[in-house]
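Just so you know, the protein sequences line up as chains A and L, in that order.
Numbered according to the numbering used here, the first sequence spans residues 6 to 161.
Numbered according to the numbering used here, the second sequence spans residues 6 to 161.
Glycine included, C-beta positions come from ideal geometry on N, C-alpha and C.
Predicted model, so just to flag it, every value in this text is computed and none were measured.
Below is one structure; the comments refer to it alone.
Number of protein chains: 2
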Amino acid sequence: MKLLMIGVGKVRAAYIREGIAGYTKRIKRYLPLDTLDIKEERQTPGRLLSVVLKKEGERILAKLEGADYVVVLHETGTHTNSRGLAAHMERLLSGGKKRICIITGGAYGLHPSVIERADMVLSLSEMTFPHELARLIIAEQVYRAFTIMRGEPYSH
Amino acid sequence: MKLLMIGVGKVRAAYIREGIAGYTKRIKRYLPLDTLDIKEERQTPGRLLSVVLKKEGERILAKLEGADYVVVLHETGTHTNSRGLAAHMERLLSGGKKRICIITGGAYGLHPSVIERADMVLSLSEMTFPHELARLIIAEQVYRAFTIMRGEPYSH
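As structure tokens, this is what we get:
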């Protein structure tokens with residue numbers, strides 16, 4: 006199984022990039038991982054947000070394959086704890102899924118078409134996080150999920 | 006009103022320190038803020054975890070004053086969204102509380118005596134986060150709470 010982590014826009018905060026890099030490196034001990042920054046659409050005054058999100062959504066959907074298991078981070082999603090996420094990933098692994106794609110939206114969110122494509126819509130918290138921080142948190146949770154699955158110590 | 010953010014141990018990951026520093030700077034636009042790293046107790050083989058946590062707990066409790074409003078981050082706590090946290094902080098501000106103390110535990114958690122002292126036990130998510138990341142997340146949420154209270158734009 007491979008993992009593809011998709012975000013919208015480049016992560017601007019250097020410290021978040023550093024944190025994500027640390028977790029992606031650790032995740033790669035367990036499976037091949039690619040990360041992909043989808044080009045952000047410019048939001049200009051007077052431009053409808055739905056048009057911006059639609060463009061970004063089309064770019065995201067173009068990167069997905071029919072057989073992908075798609076996880077979308079969204080506030081409307083289901084809540085689970087870290088063990089639940091690990092158990093879910095373990096089922097996907099043993100079910101022979103070829104690729105899991107985890108998608109985090111941009112500053113303005115995600116177009117409904119992306120959410121509709123999701124096999125799992127996941128909410129990290131009832132709290133609202135900046136999308137860059139959300140990308141760090143999900144990287145940490147994926148790493149944690151593997152340590153839970155394998156019963157290995159969590160390395161800081 | 007003043008804010009005191011207490012953590013156990015120094016934050017080791019430089020990138021997390023940088024992120025926290027960015028948020029504390031922004032929080033200080035709104036109110037005086039101090040941060041305090043409580044000395045970690047060494048966990049040596051064979052030593053009971055409860056002894057470690059008790060020592061750390063005593064150090065935390067020694068820093069608190071009777072009139073403090075104490076928020077403790079803990080997985081057993083209540084879940085709230087960012088607007089709810091902002092509304093709660095606004096009530097504390099208008100209620101004339103002199104100081105809010107927000108406490109994040111260390112690698113091994115927190116002693117029950119600290120949780121018992123809490124006026125509010127708060128859970129950031131059903132997911133388990135590393136305590137250093139939790140310190141970053143709560144700093145971000147406190148900053149966000151002020152932008153919500155004041156109706157000001159969230160600056161990245």
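Inset, instruction - Could you tell me which chain A residues have their CB closer than 9 Å to the CB of Arg-34/L, listed as they occur along the chain? - result: Position 29 of the second sequence, counting from 1, holds the residue named residue 34/L. Per Cβ cutoff of 9 Å: no residues; Arg-34/L is ~17 Å from chain A at best.
Legend entry - Sub-8 Å separation of Leu-41/A and Ile-105/A beta-carbons: The residue given as residue 41/A occupies position 36 in the first sequence. The residue given as residue 105/A occupies position 100 in the first sequence. Contact check for Leu-41/A against Ile-105/A fails: the beta carbons are separated by 8 Å or more.
Inset, instruction - Find out if the Cβ-Cβ distance for the pair Arg-17/A, Glu-137/A is shorter than 8 Å. - result: The residue given as residue 17/A occupies position 12 in the first sequence. The residue given as residue 137/A occupies position 132 in the first sequence. Going by C-beta atoms, Arg-17/A is nearer than 8 Å to Glu-137/A.
Inset, instruction - Output the distance between the C-alpha atoms of Phe-134/L and Lys-59/L, rounded to the nearest integer angstrom. - result: Along the second sequence, read from residue 1 onward, the residue named residue 134/L stands at position 129. Along the second sequence, read from residue 1 onward, the residue named residue 59/L stands at position 54. Looking at the two C-alpha atoms, the distance is approximately 22 Å.
Legend entry - Reduced DSSP category for Met-154/A - H, G, I as helix; E, B as strand; rest coil: Indexing the first sequence from 1 puts residue 154/A at position 149. Helix.
Inset, instruction - Classify Val-16/A as helix, strand or coil using the three-state DSSP reduction. - result: In the first sequence, counting from the first residue as 1, residue 16/A sits at position 11. Coil at Val-16/A, not helix or strand.
Inset, instruction - To the nearest angstrom, report how far apart Arg-34/A and Arg-149/A are at their CA atoms. - result: Looking up residue 34/A in the first sequence gives position 29. Looking up residue 149/A in the first sequence gives position 144. Arg-34/A and Arg-149/A: Cα-Cα distance of roughly 12 Å.
Legend entry - For Lys-30/A, three-class secondary structure by DSSP: Numbered from 1 along the first sequence, position 25 holds the residue referred to as residue 30/A. Look at Lys-30/A here: in three-state DSSP terms it is helix.
Inset, instruction - Could you tell me whether any Cβ in chain C is nearer than 8 Å to the Cβ of Thr-49/A? - result: This model lacks chain C altogether; the protein chains it does include are A and L.
Legend entry - DSSP bridge partner residues for Tyr-74/L (one or two, in chain order): The sequence position of residue 74/L within the second sequence is 69, counting from 1. Partner residues in the beta bridge of Tyr-74/L, as assigned by DSSP, are Ile-105/L.
Legend entry - Nearest-angstrom beta carbon gap, Ile-153/A and Ser-87/A [assumed within contact, 8 Å]: Translated into the one-based positions of the first sequence, residue 87/A becomes position 82. Translated into the one-based positions of the first sequence, residue 153/A becomes position 148. About 7 Å; that satisfies the 8 Å criterion.
Inset, instruction - For the alpha helix (DSSP H) containing Met-94/L, list its first residue and its last residue. - result: On the second sequence, position 89 is the one that residue 94/L refers to. That run of the alpha helix (DSSP H) goes 87-99.
Inset, instruction - Could you check how far apart the C-beta atoms of Glu-61/L and Glu-45/L are, in whole angstroms? I think they sit under 8 Å. - result: In the second sequence, counting from the first residue as 1, residue 61/L sits at position 56. In the second sequence, counting from the first residue as 1, residue 45/L sits at position 40. Contact between Glu-61/L and Glu-45/L holds, with the beta-carbon distance rounding to 7 Å and staying under 8 Å.
Inset, instruction - Answer yes or no: do Gly-12/A and Arg-140/A have a C-beta to C-beta separation smaller than 8 Å? - result: As a working note, residue 12/A is residue 7 in the first sequence. As a working note, residue 140/A is residue 135 in the first sequence. Closer than 8 Å, so yes.
Inset, instruction - Taking C-beta pairs closer than 8 Å, name the residues in chain A that Thr-81/L reaches, listed in chain order. - result: Working through the second sequence from its first residue, we reach residue 81/L at position 76. Close partners of Thr-81/L in chain A (Cβ separation under 8 Å) are lacking, with about 12 Å as the shortest Cβ gap.
Inset, instruction - Give every residue of the same chain whose Cβ lies closer than 7 Å to the Cβ of Leu-90/L, excluding the five residues on either side of it in the sequence, and list them in chain order. - result: Here residue 90/L refers to the residue found at position 85 of the second sequence. Non-local C-beta neighbours of Leu-90/L in its own chain, meaning closer than 7 Å and more than five positions away in sequence, comprise Gln-146 and Ala-150, ordered along the chain.
Inset, instruction - Can you give me the Cβ contacts of Glu-95/A inside the same chain, cut-off strictly under 7 Å, excluding the 5 residues immediately before and after it? - result: For the purposes of this step, residue 95/A is taken as residue 90 along the first sequence, with counting starting at 1. Around Glu-95/A: Met-154.
Inset, instruction - Measure the CB-CB distance between Ile-213/L and Val-76/L and report whether it falls below 8 Å. - result: Since the first residue shown for chain L is 6 and the last is 161, residue 213/L is missing from the structure and cannot be characterised.
Legend entry - Beta-carbon proximity of Ile-43/A to Ile-21/A, cut-off 8 Å: As a first step, residue 43/A is located in the first sequence; it is residue number 38 there, counting from the start. As a first step, residue 21/A is located in the first sequence; it is residue number 16 there, counting from the start. Their beta carbons are not under 8 Å apart, which means Ile-43/A does not touch Ile-21/A by this criterion.
Legend entry - Extent of the continuous alpha helix (DSSP H) run through Leu-41/L: Against the second sequence, residue 41/L aligns to sequence position 36. Element bounds for Leu-41/L: not the alpha helix (DSSP H) but the beta strand (DSSP E), 38-43.
Legend entry - Contacts that His-116/L makes with chain A (C-beta to C-beta distance below 7 Å): Position 111 of the second sequence, counted from the start, is the residue given in the question as residue 116/L. Going along chain A, no residue has its Cβ under 7 Å from His-116/L, so there is no contact; the nearest lies around 22 Å.
Inset, instruction - Would you identify the three-state DSSP class for Ser-118/A, choosing helix, strand or coil? - result: Here residue 118/A refers to the residue found at position 113 when the first sequence is read from its first residue. Residue state, collapsed to three classes: helix.
Inset, instruction - Compare the C-beta of Leu-38/L with all C-beta atoms of chain A and state if any pair is closer than 8 Å. - result: In the second sequence, residue 38/L corresponds to position 33, counting from 1. Taking CB atoms only, Leu-38/L has no neighbour in chain A less than 8 Å away.
Legend entry - Residues near Ala-123/L by beta carbon distance below 6 Å, same chain, minus five either side: For the purposes of this step, residue 123/L is identified with residue 118 of the second sequence, where counting begins at 1. Only Val-75 and Val-77 meet the Cβ criterion.
Legend entry - Within 7 Å of chain A by C-beta, residues of the stretch 99-131 of chain L in sequence order: Sequence-ordered contacts of the stretch 99-131 of chain L with chain A read Leu-129, Ser-130 and Glu-131 [C-beta pairs closer than 7 Å].
Inset, instruction - Look up His-84/A in the DSSP assignment and give the residues it is bridged to. - result: Mapped onto the first sequence, residue 84/A falls at position 79. Assignment of beta-bridge partners to His-84/A by DSSP yields Ser-128/A.
Legend entry - Val-126/A to Lys-102/A span [Cα, whole Å]: In the first sequence, residue 126/A corresponds to position 121, counting from 1. In the first sequence, residue 102/A corresponds to position 97, counting from 1. Looking at the backbone, the Cα of Val-126/A and that of Lys-102/A are separated by about 17 Å.
Inset, instruction - Quick one: using the 10 Å Cβ neighbour count with 16 as the cut-off for buried, is Gly-156/L buried or exposed? - result: Taking the second sequence and counting its residues from 1, the one referred to as residue 156/L is at position 151. The residue is exposed, with fewer than 16 neighbouring Cβ atoms inside 10 Å.
Legend entry - As assigned by DSSP and simplified to three states, the class of Leu-141/L: For this step, residue 141/L is matched to residue 136 along the second sequence. Here Leu-141/L sits in helix by DSSP.
Legend entry - Per-residue burial, Ala-67/A [other beta carbons within 10 Å of its own, 16 or more giving buried]: As a first step, residue 67/A must be located in the first sequence, where it is residue number 62. With fewer than 16 Cβ atoms within 10 Å of its Cβ, Ala-67/A is classed as exposed.
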